[in-house]
Amino acid sequence: ELESSLTLAEAVAGEAVAGEAATVEAAKAEARAEAQAQAEQRAAEGREAAQAAAARAGEVEAEARALEGGLMKVRAERDELRDQLVVLQAQLNHTQKMAGLSNDLTSELAEAKLAAAEFHQRLEEVQAEAQGSAAESEAQLRRLRQAMHFEGLEGMQAATHCRQSVQELASIHRAMDACMQRMDALEG
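The number in this note's numbering is simply the position in the sequence shown, starting from 1, with 716 added.
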């Protein structure tokens, strides 16, 4: 009777150990799956952040090119007005010479002087606008370049975060494997 009690106790103990081992295996598998899912999610978030930073850098670069194009257009308009003023000044000089030869050209001289004065005034306005636009465009260009630099840094940080997540996942796998080997050794 004592022997049968011992055999029964051994059987119950064996079943308890087997049940506990199965529970431990299930817990290990669940912990491994959860750690892998978290690491994969962090890696995906890092990739998304890097892609968003790259897209924003492209937009900023396009805006910078557009600003540079606008600045070149303003400078071209200023140069064109300056050329027109030179032509008008030549016409005025010619008219003044003709006025010395004939009093009939007095009204033409007055009109040429008025036109030259108007063009001169317009040129000054355009130059003032061009200087303001150029300064503003250059300031915007500097801001955009700084933004591109910061976007690039964010992309690099996202990539670093992604690499760290992968390293964490590998570290968790190694730790879980070591734990399983120790448990296998204890069970053996």
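Glycine included, C-beta positions come from ideal geometry on N, C-alpha and C. In this text the structure is predicted, and so the values were computed from the model without any measurement.
Grab me the residues of residue i's own chain with a C-beta within less than 7 angstroms of its C-beta, minus the 5 sequence neighbours each way, in chain order.
{"i": "Arg-798", "result": "Leu-839"}
{"i": "Ala-912", "result": "There is no way to answer for residue 912, as the model of the chain reaches only from 717 to 904."}
{"i": "Arg-748", "result": "Met-892"}
{"i": "Met-899", "result": "Val-740"}
Give the straight-line distance between the Cα atoms of residue i and residue j, rounded to the nearest whole angstrom.
{"i": "Ala-844", "j": "Gln-873", "result": "43 angstroms"}
{"i": "Leu-902", "j": "Met-892", "result": "15 angstroms"}
{"i": "Leu-886", "j": "Glu-746", "result": "It should be pointed out that residue 886 corresponds to Ala in this sequence rather than to Leu. Computed Cα separation, rounded: 16 angstroms."}
{"i": "Lys-829", "j": "Ala-792", "result": "25 angstroms"}
{"i": "Arg-859", "j": "Glu-777", "result": "11 angstroms"}
{"i": "Ala-737", "j": "Gln-880", "result": "33 angstroms"}
{"i": "Gly-735", "j": "Gln-752", "result": "26 angstroms"}
{"i": "Ala-851", "j": "Leu-804", "result": "29 angstroms"}
{"i": "Glu-775", "j": "Ala-782", "result": "11 angstroms"}
{"i": "Met-788", "j": "Gln-767", "result": "32 angstroms"}
{"i": "Cys-895", "j": "Glu-731", "result": "23 angstroms"}
{"i": "Ala-806", "j": "Glu-796", "result": "16 angstroms"}
{"i": "Gln-897", "j": "Gln-757", "result": "28 angstroms"}
{"i": "Gly-848", "j": "His-810", "result": "35 angstroms"}
Sort the options by Cα distance to residue i and report the nearest one.
{"i": "Val-790", "options": "Glu-841, Glu-870, Ser-881 and Glu-736", "result": "Glu-841"}
{"i": "Thr-876", "options": "Ala-738, Gly-762, Glu-750 and Ala-734", "result": "Gly-762"}
{"i": "Ala-769", "options": "His-889, Ile-888, Arg-879 and Phe-866", "result": "Phe-866"}
{"i": "Glu-750", "options": "Ile-888, Cys-895 and Met-896", "result": "Ile-888"}
Note down, in chain order, each residue of its chain lying with its Cβ closer than 8 angstroms to the Cβ of residue i, except the 5 sequence neighbours on either side.
{"i": "Ala-882", "result": "The amino acid occupying residue 882 in the given sequence is Val; Ala does not appear at that position. The answer, listed in chain order, is Ala-755 and Ala-759."}
Enumerate in chain order the residues of its own chain whose CB-to-CB distance from residue i is below 6 angstroms, with the five nearest sequence positions on each side excluded.
{"i": "Ala-743", "result": "none"}
{"i": "Glu-784", "result": "none"}
Rounded to whole angstroms, how far is the Cβ of residue i from the Cβ of residue j, which I believe are closer than 8 angstroms?
{"i": "Glu-870", "j": "Ala-765", "result": "7 angstroms"}
{"i": "Ala-771", "j": "Arg-861", "result": "Contact flag wrong, Cβ pair sits at about 17 angstroms."}
Check whether the Cβ of residue i sits closer than 7 angstroms to any heavy atom of the ligand NAP, and report yes or no.
{"i": "Arg-758", "result": "Summarising the ligand content, the structure contains no ligands, and the ligand NAP is consequently not present."}
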